[in-house]
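First the structure, in the form of structure tokens, and then the observations on it.
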Amino acid sequence: MKQEIARQAVIAAALAGLTFVAHQTAHAEKKVQCYGIAKAGQNDCASKTGVHGCAGESKVDYDKGDFKNVPEGTCKKLGGTVGT
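For the sequence shown, position 46 (counting from the first letter as 1) is numbered 46 according to the UniProt record's numbering, and the numbering increases by one without interruption.
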């Protein structure tokens, strides 16, 4: 009897976990390019000014030509500007 209850508890926990993952995926936030917030080496792509051509190559903190992808609505709170 105790094994049956334990098995049901494990199944319930697994189903709850799957439901949580499905919910999180369905409500994934839209990301925007936020310029001027990336620390050196933490940019997400090439510089818009052409200083470098790849992610992780920025040499200066908070360079206005480098961006990080952030959830929509948070860029200005972080002190950056949204790219177009």
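All C-beta atoms, glycine included, are put in the ideal place defined by N, C-alpha and C. Here the structure is a predicted model, which is why all the values come from computation and not from measurement.
DSSP three-state call for residue i: helix, strand or coil?
i: Gln-3; result: helix
i: Lys-68; result: strand
For the beta strand (DSSP E) holding residue i, just list the boundary residues, first then last.
i: Leu-33; result: Per the sequence shown, the amino acid found at residue 33 is Gln instead of Leu. From DSSP, the beta strand (DSSP E) with Gln-33 extends over 31–35.
What residue from the options has the CA that sits closest to residue i's CA?
i: Val-82; options: Ala-38, Lys-2, Ala-16 and Ile-5; result: Ala-38
i: Asn-69; options: Lys-59, Ala-46, Gly-50 and Leu-15; result: Ala-46
i: Gly-36; options: Ala-16, Ile-5, Thr-49 and Ala-12; result: Thr-49
Since residue i and residue j are thought to touch, with beta carbons under 8 angstroms apart, how far apart are those beta carbons, to the nearest angstrom?
i: Ser-58; j: Gly-41; result: 6 angstroms
Worksheet item: Counting pairs of Cβ atoms below 8 angstroms between the stretch 48–61 and the stretch 70–77, do you hit three or more?
Response: With the cut-off at 8 angstroms, the stretch 48–61 and the stretch 70–77 do not touch.
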